[in-house]
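There are 2 protein chains.
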Amino acid sequence: MRSAKLRDIDLNLLVVLEVLLSERHVSRAAERLNMSQPAVSRALGRLRESFNDPLLIRTATGFTLSSRAVLLQSELDGLLRDIERVIEPPQFDPATDDTLIRITGLDMEVGLYFPALVKRVRALAPNMRFEVVRQELDSFPMLERDEVHFSLSGLAPMSAEHSLHRRALEEMNVVCLLADNHALAHAKMSAEDYANTPHGLVSITGRGAGSMEQVLAAHGLKRDVALRLAGFTSVADFLEDSDLVFTLPKRLAERIAEGRRLLIRPLPEPLQAAPVKFYLYWHERYHHDPRMIWLREQFMEVIFTT
Amino acid sequence: MRSAKLRDIDLNLLVVLEVLLSERHVSRAAERLNMSQPAVSRALGRLRESFNDPLLIRTATGFTLSSRAVLLQSELDGLLRDIERVIEPPQFDPATDDTLIRITGLDMEVGLYFPALVKRVRALAPNMRFEVVRQELDSFPMLERDEVHFSLSGLAPMSAEHSLHRRALEEMNVVCLLADNHALAHAKMSAEDYANTPHGLVSITGRGAGSMEQVLAAHGLKRDVALRLAGFTSVADFLEDSDLVFTLPKRLAERIAEGRRLLIRPLPEPLQAAPVKFYLYWHERYHHDPRMIWLREQFMEVIFTT
DNA sequence: ACTCACTATCCTAAAAATGGATAGCTTTTA
DNA sequence: TAAAAGCTATCCATTTTTAGGATAGTGAGT
Chain E
28 MRSAKLRDID LNLLVVLEVL LSERHVSRAA ERLNMSQPAV SRALGRLRES FNDPLLIRTA
88 TGFTLSSRAV LLQSELDGLL RDIERVIEPP QFDPATDDTL IRITGLDMEV GLYFPALVKR
148 VRALAPNMRF EVVRQELDSF PMLERDEVHF SLSGLAPMSA EHSLHRRALE EMNVVCLLAD
208 NHALAHAKMS AEDYANTPHG LVSITGRGAG SMEQVLAAHG LKRDVALRLA GFTSVADFLE
268 DSDLVFTLPK RLAERIAEGR RLLIRPLPEP LQAAPVKFYL YWHERYHHDP RMIWLREQFM
328 EVIFTT
Chain C
28 MRSAKLRDID LNLLVVLEVL LSERHVSRAA ERLNMSQPAV SRALGRLRES FNDPLLIRTA
88 TGFTLSSRAV LLQSELDGLL RDIERVIEPP QFDPATDDTL IRITGLDMEV GLYFPALVKR
148 VRALAPNMRF EVVRQELDSF PMLERDEVHF SLSGLAPMSA EHSLHRRALE EMNVVCLLAD
208 NHALAHAKMS AEDYANTPHG LVSITGRGAG SMEQVLAAHG LKRDVALRLA GFTSVADFLE
268 DSDLVFTLPK RLAERIAEGR RLLIRPLPEP LQAAPVKFYL YWHERYHHDP RMIWLREQFM
328 EVIFTT
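Top line first, the protein sequences correspond to chains E and C.
Following this note's numbering, the numbering of the first sequence begins with 28 at its first residue and continues without gaps.
Following this note's numbering, the numbering of the second sequence begins with 28 at its first residue and continues without gaps.
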């Protein structure tokens, strides 16, 4: 058991010893260490006891080193430098860092936020690499298990996974996305209109999609979900020329509508739901990591300057 | 100034940290460290503060390591091993040690004691090398200046060179050495006979040779020193066929007399002086050095077993 | 709901470190 | 030769730190 020897000696004394050996002078050592002379003298006493060796030997002209002290001096310098290196906060240099950053999130959300981040980061940290990991039903366990550094999600952790941190990226209103030849495409949509038309719904996890149902219920209404999709990719294909309505966060809807025969309409006034929030999640284990701190900053810069 | 960072953290905590990181369990760590659980818990608290990082993160199944902790764990093992190596008493292995041992002493004394030592030591430590250094007028400053590891001397340090240690090797009576055709060679020598014959004296340092003078003075006598030599080598040559008497330690006299036309006679009864003592001297700086401790033991073995 | 396992905190007692003053020693200076 | 100066080690009272026992609080498993 290693501790046997290590715990016999006060390691803090090594710092004092190093200075003492190089100064060969208690008072000067005390000055360099910002300690009082008696304190250093007694530290020397403890060192002598610990090493069972006088270490510094009085001579007419001052102190000489014992043979043990000579040995120690030659080793201590490197040793203390090592200790310093280990305990010193790890320096992060974007220019040379080559960490592989793993991120996850729903395809659409990743497509919405990550490209700009990667572009910016790669400009500042050319050796940093990225990996977008396909997300499981629930991305929080992935953070928990250290499979990814970041997760992008609009959800909240269900259980008390308290080791997670998050930062809100953007609030986004929910809008209706429908075919441009939909019956409701050009008229003003009432709450009843909305409730009575068939709906499409993207639900990857099977949860978290119930907010509209709650809003409708508050008005004594309910809707019919005719199509349930596990991803955003084919939403447009299902929507064109159909009677479906998808209710989606605004920017996602815009993306999907782009170049397609689709229209975006606001939700009927009375049904205004709380805006959807997207969060960047990370695990406590990286909360103080300078690389990750820097990345989070970059993320925020990207989000709020574009 | 290095101390800046090193003195900010209690280095002893690193030992606790290492165990904590490998156990990921406060109570078990406490057990391994022979500390109470609260003590380790508080140590962890201090570590968290020092590193500004949670280090160990609670999860459902136990603790996980923070990224900093992972880094630390990979470094700590080697670091603590290094510390241990440095603070651990230097192991000395005669079989492999190749230290160059420097010794000094008067030629005669060296010839008397060192050959047997060297022989014995070389049998046990074949790689150890020796150098007999020509001694200055005074050998003590040579010890002081770390020019030799050992000095063989019958003298005592004159000033308060308190950093020296010594070990008495042998007490030796002083005898008279004279030509076998000397007038006093075969008669019983009285104190007056002794005082009235011309004397030879070996005095390398110019001091320490006054003991006979004191003994004579105590009896109201004084002697005439006709020849003063700076070494023992040519004593025999001066003595043969001369009227001189040398007063020398017994074994030295025997050496010198060997194969020469010389005789050894005891000192006249009333003049019995205190026996001469020879000492092995070494400097405080090597007092605790395992190599030198071993050598001193070997020396004593040689002296007292032959 | 209850038990079990574990960590963090509260409290008090014990231990350690600190700084000022100073004794004791040696060298240097007058 | 005596006085002064420089330095370390020790004494003392005080402050700071650390320790262990008891226990509250938390979450997991039954």
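Using N, Cα and C, we set each Cβ at its ideal position, and we do this for glycine too.
Every value quoted in this text rests on a predicted model; they were computed, and no experiment measured them.
Residue i to residue j span [Cα, whole Å]
| i | j | result |
| --- | --- | --- |
| L243/E | L307/E | 29 Å |
| V202/C | E281/C | 10 Å |
| N154/E | P121/E | 8 Å |
| R323/E | P117/E | 17 Å |
| S261/C | R156/C | 30 Å |
| L48/E | S166/C | 27 Å |
| S190/E | L170/E | 9 Å |
| L139/C | G181/C | 13 Å |
| L279/C | D207/C | 17 Å |
| T88/C | V252/E | 39 Å |
| S30/C | S63/E | For S30/C, the pLDDT reaches just 46, beneath the cut-off of 50, and the residue's location in the model is therefore unreliable, leaving the point undetermined. |
| T91/E | E45/E | 14 Å |
| V159/C | A143/C | 14 Å |
| A300/C | A214/C | 21 Å |
| N223/E | G286/E | 28 Å |
| R172/C | R51/E | 16 Å |
| H246/E | E136/E | 30 Å |
| E111/E | F78/C | 12 Å |
| N200/C | S238/C | 13 Å |
| A66/E | R149/E | 52 Å |
| S54/E | E102/C | 35 Å |
Exposure of residue i, with buried meaning 16 or more beta-carbon neighbours within 10 Å
| i | result |
| --- | --- |
| T274/E | buried |
| G72/E | exposed |
| H176/C | buried |
| M28/C | Caution applies to M28/C, whose pLDDT of 47 falls short of 50 and renders its modelled position unreliable; the model cannot decide the point. |
| R194/E | exposed |
| F331/E | exposed |
| L271/C | buried |
| A57/E | buried |
| R292/E | buried |
| L151/E | exposed |
Identity of the residue in the options nearest residue i by Cα
| i | options | result |
| --- | --- | --- |
| D264/E | G227/E, S49/E, L191/E and I114/E | G227/E |
| K277/E | E267/E, V303/E, P153/E and S269/E | V303/E |
| E267/E | L248/E, R250/E and L290/E | L290/E |
| F119/C | R318/C, S54/C and T332/C | R318/C |
| D104/C | D104/E, L103/E and D109/E | D109/E |
| R95/E | F331/C, Q325/C and D316/C | D316/C |
| F141/C | L179/C, A214/C and A150/C | L179/C |
| L164/C | D134/C, L151/C and I320/C | D134/C |
| K249/E | T123/E, L106/E, D220/E and Q162/E | D220/E |
| D80/C | H314/E, Q241/E, A152/E and A57/E | H314/E |
| D124/E | E58/E, W321/E and V53/E | W321/E |
| L205/E | F78/E, R288/E and H192/E | R288/E |
| S269/E | T86/E, R292/E, P293/E and H209/E | H209/E |
| R129/E | S54/E, N200/E, Q162/E and R59/E | Q162/E |
CB contact flag (residue i, residue j, <9 Å)
| i | j | result |
| --- | --- | --- |
| P295/C | A218/C | yes |
| F259/E | I283/E | yes |
| E174/C | T126/C | no |
| V229/C | L196/C | no |
| L99/E | V113/C | yes |
| K32/E | E115/C | yes |
| L254/E | P225/E | yes |
| S93/C | L82/C | yes |
| H310/E | I84/C | yes |
| R312/C | N61/E | no |
| L38/E | L41/C | yes |
| V97/E | L74/E | no |
Any non-hydrogen atom of the ligand SAH closer than 8 Å to residue i Cβ
| i | result |
| --- | --- |
| V202/C | As far as ligands go, the structure on display features none, and thus does not contain the ligand SAH. |
* Identify each residue in the region 72-98 of chain E for which the Cβ-Cβ distance to at least one residue of chain C is less than 9 Å, and report them in chain order. => Within the region 72-98 of chain E, the residues whose Cβ lies closer than 9 Å to some Cβ of chain C are S77, F78, N79, D80, P81, I84, R85, T86, A87, T91, L92, S93, S94, R95, A96, V97 and L98, listed in chain order.
* Interface residues of the region 313-327 of chain C facing chain E [CB-CB below 8 Å] -> Residues of the region 313-327 of chain C that bring their beta carbon within less than 8 Å of a beta carbon in chain E comprise Y313, H314, H315, D316 and M319, in sequence order.
* To do: Using a Cβ-Cβ cut-off of less than 9 Å, give me the residues of the region 115-126 of chain E that come near chain C, in sequence order.
  => For the region 115-126 of chain E, residues whose beta-carbon sits nearer than 9 Å to a beta-carbon of chain C comprise E115, P116 and P117.
* Asked: Which residues, taken in chain order from the region 247-266 of chain C, show a beta carbon closer than 8 Å to some beta carbon of chain E?
  -> Of all residues in the region 247-266 of chain C, none is placed with a Cβ closer than 8 Å to any Cβ belonging to chain E.
* May I ask you to list, following chain order, the residues of the region 153-168 of chain E that have a beta carbon less than 9 Å from some beta carbon of chain C? => The residues in question: there are none.
* Quick one, which residues of the region 189-211 of chain E are near chain C if we go by CB-CB under 7 Å, in chain order? -> From the region 189-211 of chain E, only S190 have a Cβ closer than 7 Å to chain C.
* Asked: For the region 262-291 of chain C, which residues have a beta carbon sitting closer than 7 Å to at least one beta carbon of chain E?
  -> Here the close residues number zero.
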